[in-house]
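The sequence shown begins at 2 in the numbering used here and counts up one residue at a time.
Encoded as structure tokens, the structure appears first; notes follow it.
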Amino acid sequence: MTIFPSSPPAPRTDVMVTGLGWISTVNSGCGTDKRKPVWDVGIPTIPDSILNSLKGGSRFGRLDLFSQIGVAAVGLALQDAGYFQANPPAATETDRQLRDNATSIALISSTTSSCNLTDRDFYKTVQNDPGLASPGLFVYTLATSFLGEAALRFSLTGASMAVIEPQPHAGTALSFACEELINGDDEVVVTGFCNLFEQPSVAPNFSGALFLVLEKELKKTTRVHAVLNYDPEAELFYIKDQPCPDIFSLCELICG
């Protein structure tokens with residue numbers, strides 16, 4: 002019998018966390034705010050200060066709530082990492098040339114709730130009279146709809162993907178994000194979760210969104226919140242040799 006040597010285990014890869022942004026029912030913010038995301042049941046509301054900083058392009062208010070919280074959290078994470086400027090001045094020709102050669106940024110989100118509440122709201126508009134179906138709701142009846150909104154608003158040109166998870170932990174999205182940085186074409190990946198659950202809900206089904214900006218090599222002069230050590234064989238994450246089974250424990254270590 003021929004015995005073939007086993008392949009050596011894949012080496013761990015270091016990925017830098019350069020941005021963090023979240024929207025929850027308790028608080029909202031980004032990594033430089035020096036505070037932790039706090040999660041609880043209920044429906045999130047987005048502070049006016051955050052809405053004002055994210056306006057630009059299409060009207061924010063026309064989005065369904067699932068998309069609003071997702072786009073807002075992505076924007077906060079990008080601001081934190083230096084890839085999006087709140088209320089920027091009018092673009093010059095140089096700005097436009099720089100934008101054309103911008104860093105390729107991917108967007109990978111997990112979701113457990115998906116856009117189920119928006120689906121139900123849309124169905125209500127067609128129950129009695131299909132001719133009155135709401136096109137404004139129909140465009141948001143996909144879990145990926147808010148990814149397109151975020152890509153347009155923040156000029157993201159990389160890959161985008163929504164991952165459906167049975168439990169909200171974003172582990173699959175984090176793994177895909179690290180794999181994209183290791184083997185893909187994108188230099189930066191924004192990854193996390195977006196959920197909007199029917200109320201009343203119970204833990205861990207917290208409505209809200211949380212996104213991280215991950216980079217293998219720094220593209221901007223920015224703060225590094227933490228170095229995430231990724232084990233591709235086990236699909237596990239570590240910060241300073243402490244295991245992080247999900248995005249919540251990861252943020253606990255990042256925010257201190």
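Cβ coordinates follow ideal geometry from the N, Cα and C atoms, glycine included.
Model, not experiment: these values are computed from the prediction.
Worksheet item: Measuring CA to CA, which of L197, V18 and A163 is closest to S25?
Response: S25 has its Cα closest to that of L197, out of L197, V18 and A163.
Discussion item. Taking its Cβ as the centre, do 16 or more other Cβ atoms sit within 10 Å of R154, making it buried, or is it exposed?
Written reply: The residue is buried, with at least 16 neighbouring Cβ atoms inside 10 Å.
Fill in: The alpha helix (DSSP H) enclosing L64, as first and last residue numbers
Looking at the DSSP string, L64 is not in any alpha helix (DSSP H), and its letter there is neither H nor E.
Discussion item. Check this for me: beta carbons of A324 and S156, under 8 Å apart or not?
Written reply: A question about residue 324 goes unanswered here, because the residues of the chain that appear run from 2 up to 257.
Worksheet entry | 8 Å Cβ cutoff met for D81 and L21 | With contacts defined by Cβ atoms closer than 8 Å, D81 and L21 form a contacting pair.
Worksheet item: In this structure, does DSSP put S115 in helix, strand or coil?
Response: Coil, per DSSP.
Worksheet item: Taking the alpha-carbon positions, what's the G32 to F85 distance?
Response: In this structure, the straight-line span from the alpha carbon of G32 to that of F85 is close to 14 Å.
Fill in: Closest Cα partner of E253 within the set G62, P167 and L229
Measuring from the Cα of E253, the nearest candidate turns out to be L229.
Worksheet item: Do V16 and F212 have their C-beta atoms closer together than 8 Å?
Response: Not closer than 8 Å, so no.
Practice prompt. Any chance you could list the beta strand (DSSP E) runs of at least 3 consecutive residues sitting entirely within the stretch 130-205, in chain order?
Written response: Counting only runs of 3 or more, we get 161-165 and 189-196.
Practice prompt. Count the other C-beta atoms from every protein chain shown that fall within 10 angstroms of the C-beta of E218, then say buried if there are 16 or more, exposed otherwise.
Written response: Exposed, since its Cβ has fewer than 16 Cβ neighbours within 10 Å.
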